[in-house]
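Add 119 to the 1-based position in the sequence shown for the numbering used here, that's all there is to it. To start, the structure itself, in structure tokens.
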Amino acid sequence: MRLLFCRVYEVAGKPHFSKEELIRMPIRLGEDVFTKGKISEQKEERLITSLRGFHELIKAYDVTAFRAVATSAMRDASNGEEIIARAKKESGISVEIIDGKLEAALVFSNHIEELLNPKFAYLYIDVGGGSTELTLYFNQKVIAAKSFNIGTVRMLLNKDDKEEWEEMKAWLKRSTVGIHPLNAIGSGGNINKIFKMANKKETKHLSYDKLKGQYEMLCSYTYEERIERLGLKPDRADVIVPAAKIFLTVMKTADIDKIYVPQIGLSDGIIHDLYEVHKAKKK
């Protein structure tokens, strides 16, 4: 779970987004959902407690607007709606369970494509714990988007389905036929961390070979060594390896040699969307 506070400044009619604070709570609802099909009482209590705390912080910051969304794990949980109702009653926060299509649209509402070369096509890859969102951008518009139930926590639990991998590869090959040159845009905490670890200060991208090298380096360490020697947080040290594998698989399948890492994600997309709604109301 993440709580992102962001301030928006308007300069010469254009918005500038400044992150004030990001709070992470490693609850991992998917650990229950992807194995048992529902969220356990223990994780439910942690979720509700966290939302109560989040709501107090939201009030303390005196925010203009906020939005809370739940993705893959809550989509799959048989008791998801029941927990959402309890969360609203006890924390005061209404959580929306969003589908993969809306998740991909929110991630892409960062408008990162405006900063990139319009002559190129881009595949937006957002890797989460339970799903991977792919959005193909060509000729300055979205031409294809799909969500797949392939995620880092699913992989750790061996709950990723072989057929889903094959379906993703087939979709990639089908959707990218004749679209070259094609670059990737990576989204999510894991690719951000890999990019930082690669120490690529001179560019905003990683080559396929560089990413593969990072993956092999991470695989050479045990979970404990990734925490002790690489300084990774415990809730990052395990998921970073399957995340790298997902990015590499997508890039190889779609014949992509370069991935840009603007260090943005779903929470940033929600901020952009909230700003657009606020702006429209003011008009």
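In this text, a Cβ means the ideal position worked out from N, Cα and C, and glycines have one as well. Being a predicted model, the structure only gives us computed values, none of them experimental.
Check your understanding: In terms of residues, what are the limits of the alpha helix (DSSP H) holding I174?
Key -> The count along the sequence shown starts at 1 and reaches residue 174 at position 55. Note on residue identity: the sequence assigns His, not Ile, to residue 174. DSSP places H174 in the uninterrupted alpha helix (DSSP H) bounded by 160 to 180.
Review point. Apart from the five residues on each side of it in sequence, which residues of its chain come closer than 7 Å, Cβ to Cβ, to T154?
Key: The residue given as residue 154 occupies position 35 in the sequence shown. The residues are L276, K278.
Exercise for review: Determine, using beta-carbon pairs with one atom in the stretch 352 to 360 and one in the stretch 207 to 218, whether at least three such pairs fall under 8 Å.
Suggested key: Taking a cut-off of 8 Å on C-beta distances, the stretch 352 to 360 does not touch the stretch 207 to 218, as fewer than three cross pairs fall below it.
Practice item. Can you say whether R436 is buried or exposed, counting buried as having 16 or more other CB atoms within 10 angstroms of its CB? Key: Nothing in the structure corresponds to residue 436, since the chain is present only between 120 and 402.
**Study point:** Close beta carbons around A204, own chain, < 6 Å, minus the five adjacent residues each side
**Key:** One-based indexing of the sequence shown puts residue 204 at position 85. Here the set comprises nothing.
Review point. Once you ignore the five residues that flank P286 on each side, which residues in its own chain have a CB closer than 8 Å to its CB?
Key: Counted from its first residue, the sequence shown places residue 286 at position 167. Per the sequence shown, residue 286 should be read as Glu rather than Pro. Cβ within range, chain order: F267.
Point to revise | Extent of the continuous alpha helix (DSSP H) run through I346 | key: For the purposes of this step, residue 346 is taken as the residue at position 227 of the sequence shown. Taken as a continuous stretch (DSSP letters only), the alpha helix (DSSP H) holding I346 covers 342 to 347.
Check your understanding: Where A415 and D392 are concerned, what is the direct C-alpha to C-alpha distance, given to the nearest angstrom?
Key -> The shown model of the chain, from 120 to 402, leaves out residue 415, and the question about it has no answer.
Review point. Among residues of its own chain, excluding the 5 on either side of L166, which ones have a beta-carbon nearer than 8 Å to its beta-carbon?
Key: Mapped onto the sequence shown, residue 166 falls at position 47. Excluding its 5 nearest sequence neighbours in each direction, L166 has C-beta neighbours in its own chain below 8 Å: M120, I146, L148, I158, I202, A206, listed in chain order.
Exercise for review: Output the boundary residues of the alpha helix (DSSP H) element that contains K398.
Suggested key: On the sequence shown, position 279 is the one that residue 398 refers to. First-last of the alpha helix (DSSP H) with K398: 385 to 401.
Exercise for review: Quick one: give me the first and last residue of the beta strand (DSSP E) that I304 is part of.
Suggested key: The sequence position of residue 304 within the sequence shown is 185, counting from 1. First-last of the beta strand (DSSP E) with I304: 301 to 306.
**Study point:** Proximity of M274 and P361 at Cβ, strictly below 8 Å
**Key:** As a first step, residue 274 must be located in the sequence shown, where it is residue number 155. As a first step, residue 361 must be located in the sequence shown, where it is residue number 242. Cβ distance < 8 Å, so M274 and P361 count as in contact.
Exercise for review: Output the boundary residues of the beta strand (DSSP E) element that contains T251.
Suggested key: Against the sequence shown, residue 251 aligns to sequence position 132. 251 to 257 is the span of the beta strand (DSSP E), which, as asked, contains T251.
Review point. By DSSP, does F239 sit in helix, in strand, or in coil?
Key: The residue labelled residue 239 in the question sits at position 120 within the sequence shown. Residue state for F239 is assigned as coil, using DSSP reduced to three classes.
Check your understanding: Are at least three pairs of beta-carbons, each pair with one atom in the stretch 294 to 306 and one in the stretch 379 to 395, less than 8 Å apart?
Key -> Remark: three or more beta-carbon pairs, one from each stretch, lie closer than 8 Å, so the stretch 294 to 306 and the stretch 379 to 395 are flagged as touching.
Point to revise | Per DSSP, cross-strand counterpart(s) of C125 | key: Residue 125 sits at position 6 when you count from the first residue of the sequence shown. Answer by DSSP bridge pairing, in chain order: K138.
Review point. D195 and V127 look like a contact to me (Cβ under 8 Å); what is the Cβ gap, rounded to whole Å?
Key: Within the sequence shown, residue 195 is the residue found at index 76, counting from 1. Within the sequence shown, residue 127 is the residue found at index 8, counting from 1. The beta-carbon distance between D195 and V127, rounded to whole angstroms, is 33 Å. This is too long to meet the 8 Å contact definition.
Exercise for review: Look at the Cβ atom of G384, then the Cβ atom of D280, and state whether they are nearer than 8 Å.
Suggested key: The residue labelled residue 384 in the question sits at position 265 within the sequence shown. The residue labelled residue 280 in the question sits at position 161 within the sequence shown. No. Outside cutoff.
Point to revise | Local conformation of S294 per DSSP, three classes | key: As a first step, residue 294 must be located in the sequence shown, where it is residue number 175. It is helical.
Exercise for review: Taking only the alpha-carbon atoms, compute the straight-line gap between G248 and N258 and give it to the nearest angstrom.
Suggested key: Position 129 of the sequence shown, counted from the first residue, corresponds to residue 248. Position 139 of the sequence shown, counted from the first residue, corresponds to residue 258. Cα-Cα distance, rounded: 31 Å.
Practice item. Give every residue of the same chain whose Cβ lies closer than 8 Å to the Cβ of K162, excluding the five residues on either side of it in the sequence, and list them in chain order. Key: Translated into positions along the sequence shown, residue 162 becomes position 43. Taking C-beta separations shorter than 8 Å and ignoring five residues to either side along the sequence, the partners of K162 in its chain run I146, R147, L148, E150, D151, following chain order.
**Study point:** Separation of P300 from N236, as counted between CA atoms
**Key:** Against the sequence shown, residue 236 aligns to sequence position 117. Against the sequence shown, residue 300 aligns to sequence position 181. One alpha carbon belongs to N236, the other to P300, and they sit about 11 Å apart.
Check your understanding: Taking I403 as the reference, which of T251, Y243, A184 has the closest Cα?
Key -> The requested residue 403 is not part of the displayed model; the chain covers only 120 to 402.
Exercise for review: Spatial neighbours of E395 within its chain, please: CB distance less than 8 Å, with the 5 preceding and 5 following residues excluded, ordered by chain position.
Suggested key: To locate residue 395, count along the sequence shown from 1; it is residue 276. Closer than 8 Å at Cβ, skipping near neighbours: S228.
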